[in-house]
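FYI, the numbering for the sequence shown is 4 to 277, going by the working numbering.
We put the CB at the ideal spot given by N, CA and C, even for glycine.
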Amino acid sequence: MPYATVNGAKLWYELFGSGEPMVLLGGGGLGRFNLHPLLPYLQEHFEILSLDQRGYGKSDPVGAGSMRVETWADDVPALLDAVGWEKAHMNSTALGGMVALAAGIRYPDRCLSITAQGFFSKPDAARRLLLEGLADHCRCAGLSRGFSAVLATVALSPEHLEAHPEAIGEMTAMMQTTSLETWLAAYEAMREVDLGKGLPTCHVPTLIIAGELDEATPLDMTASGIGTRKTGDLLPDARLVIFEGSGHVTIFERTKEHAEAIIDFVASLGDRSG
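So, in structure tokens, the structure goes:
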């Protein structure tokens with residue numbers, strides 16, 4: 004698979020499918036694997052660029068200890084240049100959603116659209132405490148099955164966990180492709196992120212997908228934070244889709260519906276890739 008040297012880091016990526024260009028930006032823990040369930044649906048409609056972001060998987064961990072949301076966002080247009088794409092749709096989840104929005108704010112001319120799921124634009128006190136606790140847990144326990152179990156109870160609905168007991172083992176395997184240093188950097192980046200001032204300036208068409216029961220990145224936060232609903236209110240051109248009864252990771256819990264929402268959203272924009 005190819006690599007591209009981007010802002011001093013060697014990033015691994017792969018291309019597949021056909022159609023308008025789309026970049027996949029995975030979450031802080033599972034990386035590109037977060038978005039893999041969508042691929043059978045999306046690759047029929049889009050040319051997909053799936054990557055290990057800086058510090059993840061097969062990509063270099065250059066600057067891992069000091070990475071912020073903007074660090075990953077700045078890699079996006081440089082990677083587009085490396086593969087010869089002028090612009091692309093950004094499809095993202097969790098930390099990747101924050102990265103996609105930061106890219107839309109900083110590089111709107113490189114983004115055809117943004118789809119963001121399971122994210123916040125600024126954490127409130129409760130989310131900052133949750134991230135602090137998860138960071139301390141993985142420092143002590145490592146990226147173990149026990150840590151995966153804790154994370155799963157935050158990220159997935161009880162009904163999904165009941166129906167899919169294999170989910171913990173699968174999550175553990177995905178998590179262990181990421182170094183502890185990158186995990187901790189991602190948690191710190193999410194604790195510090197604040198996209199509030201930039202959101203009203205971002206005119207990139209944006210689809211926000213939220214789980215009704217998401218407690219990790221909830222629809223609504225206390226006044227100190229910016230959750231998914233308020234993000235949609237601040238963006239000039241945003242649509243909000245809420246999956247009732249679903250938790251944080253609608254990509255796992257409502258895979259087909261999630262993919263269809265993206266396909267319908269992009270189709271409604273018309274072909275903007277030229």
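* Just mark L132 as buried or exposed, buried being the case when its beta carbon has 16 or more other beta carbons within 10 Å. => If you number the sequence shown from 1, residue 132 lands on position 129. Answer is exposed; the Cβ neighbour count stays below 16.
* Asked: With contact counted as at least three CB pairs below 8 Å, one residue from each stretch, are the region 84-94 and the region 66-73 in contact?
  -> The region 84-94 vs the region 66-73: no contact.
* **Burial state of F19 (16 or more Cβ within 10 Å)** => Here residue 19 refers to the residue found at position 16 of the sequence shown. With fewer than 16 Cβ atoms within 10 Å of its Cβ, F19 is classed as exposed.
* Asked: Could you give the uninterrupted runs of the beta strand (DSSP E) lying entirely in the region 108-148, keeping only those of 3 residues or more?
  -> Restricted to the region 108-148, the beta strand (DSSP E) segments that are unbroken, complete and at least 3 residues in length are 114-120, listed in chain order.
* Asked: Run through DSSP, which three-state label would S95 get?
  -> Reading the sequence shown from its first residue, position 92 is the one you call residue 95. S95: strand per DSSP, three-state reduction.
* To do: Starting from the N-terminal side, write out each stretch of the alpha helix (DSSP H) that is 4 residues or longer and does not extend beyond the region 23-70.
  => As far as the region 23-70 is concerned, its whole alpha helix (DSSP H) runs of at least 4 residues are 42-45.
* Asked: For the beta strand (DSSP E) that contains R257, what are its first and last residues?
  -> Along the sequence shown, read from residue 1 onward, the residue named residue 257 stands at position 254. Under the DSSP assignment, R257 falls outside any beta strand (DSSP E); it carries neither an H nor an E label.
* Asked: What residues in its chain sit with their C-beta under 7 Å from that of A81, if we drop five residues either side in the sequence?
  -> Counting from 1 along the sequence shown, the entry for residue 81 is found at position 78. V9 and N10, listed in sequence order.
* To do: Use the C-beta contact count for G277: other C-beta atoms within 10 angstroms, 16 or more gives buried, fewer gives exposed.
  => Along the sequence shown, read from residue 1 onward, the residue named residue 277 stands at position 274. Note that G277 scores 49 on pLDDT, short of 50, meaning its location in the model is unreliable; the coordinates nonetheless yield the value given after this. Classification of G277: exposed, given that the 10 Å Cβ count is below 16.
* To do: Could you tell me the boundaries of the beta strand (DSSP E) in which I212 lies?
  => Taking the first residue of the sequence shown as 1, we reach residue 212 at position 209. Segment T209 to G214, the beta strand (DSSP E) holding I212.
* Considering only residues of the region 146-210, which uninterrupted beta strand (DSSP E) runs meet the minimum length of 3 residues and lie entirely inside it, listed in chain order? -> Counting only runs of 3 or more residues that sit fully inside the region 146-210, no beta strand (DSSP E) segment turns up.
* To do: For T8, name the three-state secondary structure that DSSP assigns.
  => In the sequence shown, the residue the question calls residue 8 occupies position 5. If DSSP states are grouped into helix, strand and coil, T8 belongs with the strands.
* Asked: Does DSSP put G100 in a helix, in a strand, or in coil?
  -> Taking the sequence shown and counting its residues from 1, one reaches residue 100 at position 97. Here G100 sits in helix by DSSP.
* Tell me the DSSP bridge mates of L243? -> On the sequence shown, position 240 is the one that residue 243 refers to. According to the DSSP secondary-structure assignment, L243 is paired through a beta bridge with I211.
* Where do the N-terminal and C-terminal ends of the alpha helix (DSSP H) with L83 fall, by residue? -> Indexing the sequence shown from 1 puts residue 83 at position 80. Per DSSP, L83 belongs to the alpha helix (DSSP H) from V72 to V86.
* N-terminal and C-terminal residue of the alpha helix (DSSP H) that T338 is part of -> Since the first residue shown for the chain is 4 and the last is 277, residue 338 is missing from the structure and cannot be characterised.
* To do: With a 10 Å radius around its C-beta and 16 neighbouring C-beta atoms as the bar for buried, classify D223 as buried or exposed.
  => In the sequence shown, residue 223 corresponds to position 220, counting from 1. Here D223 is exposed: its Cβ has fewer than 16 other Cβ atoms, across all protein chains shown, within 10 Å.
* **Cβ neighbour criterion (16 or more within 10 Å) applied to R142** => By 1-based counting over the sequence shown, the position of residue 142 is 139. Within a 10 Å sphere around the beta-carbon of R142 sit fewer than 16 other beta-carbons, which makes this residue exposed.
* Go ahead and pull the three-state DSSP assignment for E263. => The sequence position of residue 263 within the sequence shown is 260, counting from 1. E263: helix per DSSP, three-state reduction.
* Identity of the residue in D267, E184, K233 and R232 nearest D63 by Cα -> The count along the sequence shown starts at 1 and reaches residue 63 at position 60. Nearest option by C-alpha distance: E184.
* G230 versus L238, F122, L159 and E169, residue with shortest Cα-Cα distance -> As a first step, residue 230 must be located in the sequence shown, where it is residue number 227. Comparing alpha-carbon positions, the option among L238, F122, L159 and E169 lying closest to G230 turns out to be F122.
* Cutoff 7 Å; reference T175; Cβ partners in own chain excluding five residues on either side -> For this step, residue 175 is matched to residue 172 along the sequence shown. Hits under 7 Å: R148 and S151.
* Given E89 as reference, the closest of L38, V26, G136 and A138 once Cα atoms are compared -> For the purposes of this step, residue 89 is taken as the residue at position 86 of the sequence shown. When L38, V26, G136 and A138 are compared, the shortest CA-CA separation from E89 is found for V26.
* Pick from G29, E47 and P126: whose alpha carbon is nearest that of G100? -> The count along the sequence shown starts at 1 and reaches residue 100 at position 97. For G100, the nearest C-alpha among the options comes from G29.
* Asked: Three or more beta-carbon pairs under 8 Å between the region 194-203 and the region 250-260, yes or no?
  -> Judged by Cβ distances under 8 Å, the region 194-203 makes no contact with the region 250-260, as fewer than three pairs qualify.
* To do: Leaving out five residues on either side along the sequence, give the residues of the same chain with a beta carbon under 6 Å from the beta carbon of H207.
  => Numbered from its first residue, the sequence shown carries residue 207 at position 204. Correcting the residue type first, residue 207 is Val in the shown sequence and not His. Once the five neighbours on either side are set aside, the close Cβ partners of V207 are G107, P111, C114 and I117.
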